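Colleague: Numbering (this note's numbering), first residue to last: 66 to 246. Each residue gets a CB set at the ideal place from its N, CA and C atoms; glycine is no exception. All values reported here derive from a predicted model rather than from experimental measurement. This is the structure I want to talk about, given as structure tokens.
See the structure below:
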């Protein structure tokens, strides 16, 4: 049963983590990355809020601030495209982790019940399955952290050449460190 407990705990943490990170709103078809509370995704664009105004980036890397298009150099457009692509990637990774965590929890419960019914109270098989599935989730979590790092780098590079973007530069290095901890 100790293996089941560890497995169920890991699965619950994954589901909780992805729920904390990703929040969907079916009314307006948006997704908010909660750990990056100033960022919303929806309708083919990301919206960055700073409390007073907003910046919008679409899949092509087009940037507007408070509804006004911002002329970008080719290098700035690369940075906005990286911001967009990594935000979408974090959303997709978070949703996948939530689904995988729920599936793992379901498998753990099924395996634990089967173990109890069959008299296998040791749980070694369950523990091996838990470790394998948890390793996959850890890889996905690392992928999300890497995307966060790429977003911050793109943001910092964009701010260096486009000061108007500074108010929206809210991705901090300590968020990356927290992610990897």
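(1) Residues bridged to residue 129 by DSSP?
(2) Is the separation between the beta-carbon of residue 157 and that of residue 205 shorter than 7 Å?
(3) Could you tell me the alpha carbon to alpha carbon distance between residue 211 and residue 174, rounded to whole angstroms?
(4) Please report the residue range of the alpha helix (DSSP H) in which residue 105 lies.
(5) Taking contact to mean at least 3 C-beta pairs separated by less than 8 Å, is the region 140–152 in contact with the region 164–171?
(6) DSSP three-state label for residue 113, please.
(7) With a threshold of 16 other CB atoms inside 10 Å of the CB of residue 182, please say whether the residue is buried or exposed.
(8) Suppose you measure from the CA of residue 135 to the CA of residue 178; what does that come to, to the nearest Å?
(9) Figure out for me which residue from 110, 150, 120 and 219 has the closest Cα to the Cα of residue 133.
(10) Between which residues of its own chain and residue 80 is the CB-CB distance below 6 Å, once the five residues before and five after are set aside?
(11) If we call anything under 7 Å between Cβ atoms a contact, is residue 229 one with residue 147?
(12) Apart from the five residues just before and just after residue 234, which ones in its own chain have a Cβ nearer than 6 Å to its Cβ?
(13) Can you tell me whether DSSP reads residue 163 as helix, strand or coil?
(14) Identify which residue in 122, 171, 172 and 184 has its Cα closest to the Cα of residue 216.
(15) When the Cα atoms are used, what is the spatial distance from residue 103 to residue 201?
(16) By alpha-carbon positions, which one of 145, 172 and 149 ends up nearest to residue 109?
Modeller: Result, derived from the coordinates:
(1) Translated into positions along the chain shown, residue 129 becomes position 64. DSSP, once it has assigned bridges, lists 121 and 134 as partnering residue 129.
(2) The residue labelled residue 157 in the question sits at position 92 within the chain shown. The residue labelled residue 205 in the question sits at position 140 within the chain shown. By the CB criterion at 7 Å, residue 157 and residue 205 fall outside the cutoff.
(3) By 1-based counting over the chain shown, the position of residue 211 is 146. By 1-based counting over the chain shown, the position of residue 174 is 109. Each residue's Cα considered, the two are about 32 Å apart.
(4) Within the chain shown, residue 105 is the residue found at index 40, counting from 1. That residue, residue 105, is in no alpha helix (DSSP H); its beta strand (DSSP E) goes 104–107.
(5) The region 140–152 is not in contact with the region 164–171.
(6) Translated into positions along the chain shown, residue 113 becomes position 48. Residue 113: strand per DSSP, three-state reduction.
(7) Residue mapping note: residue 182 aligns to position 117 of the chain shown, counting from 1. With fewer than 16 other Cβ atoms within 10 Å, it is exposed.
(8) In the chain shown, the residue the question calls residue 135 occupies position 70. In the chain shown, the residue the question calls residue 178 occupies position 113. CA-CA distance, residue 135 to residue 178, rounds to 59 Å.
(9) Along the chain shown, read from residue 1 onward, the residue named residue 133 stands at position 68. Closest by alpha carbon: 120.
(10) Translated into positions along the chain shown, residue 80 becomes position 15. Its pLDDT being 47, under 50, residue 80 is placed unreliably by the model, and nothing is read from it.
(11) As a working mapping, residue 229 is identified with position 164 in the chain shown. As a working mapping, residue 147 is identified with position 82 in the chain shown. Here residue 229 is not near residue 147, since their CB atoms are 7 Å or more apart.
(12) Taking the chain shown and counting its residues from 1, one reaches residue 234 at position 169. Cβ-Cβ distances below 6 Å link residue 234 to 220 and 224 in the same chain, with the five nearest sequence neighbours on each side left out; the list follows chain order.
(13) The residue you call residue 163 lines up with position 98 of the chain shown. Helix.
(14) Position 151 of the chain shown, counted from the first residue, corresponds to residue 216. Of 122, 171, 172 and 184, the residue nearest in Cα terms is 122.
(15) As a first step, residue 103 must be located in the chain shown, where it is residue number 38. As a first step, residue 201 must be located in the chain shown, where it is residue number 136. In a straight line, the C-alpha of residue 103 is about 29 Å away from that of residue 201.
(16) Locating residue 109 in the chain shown gives position 44, counting from the first residue. That would be 149, whose Cα lies nearest to the Cα of residue 109.
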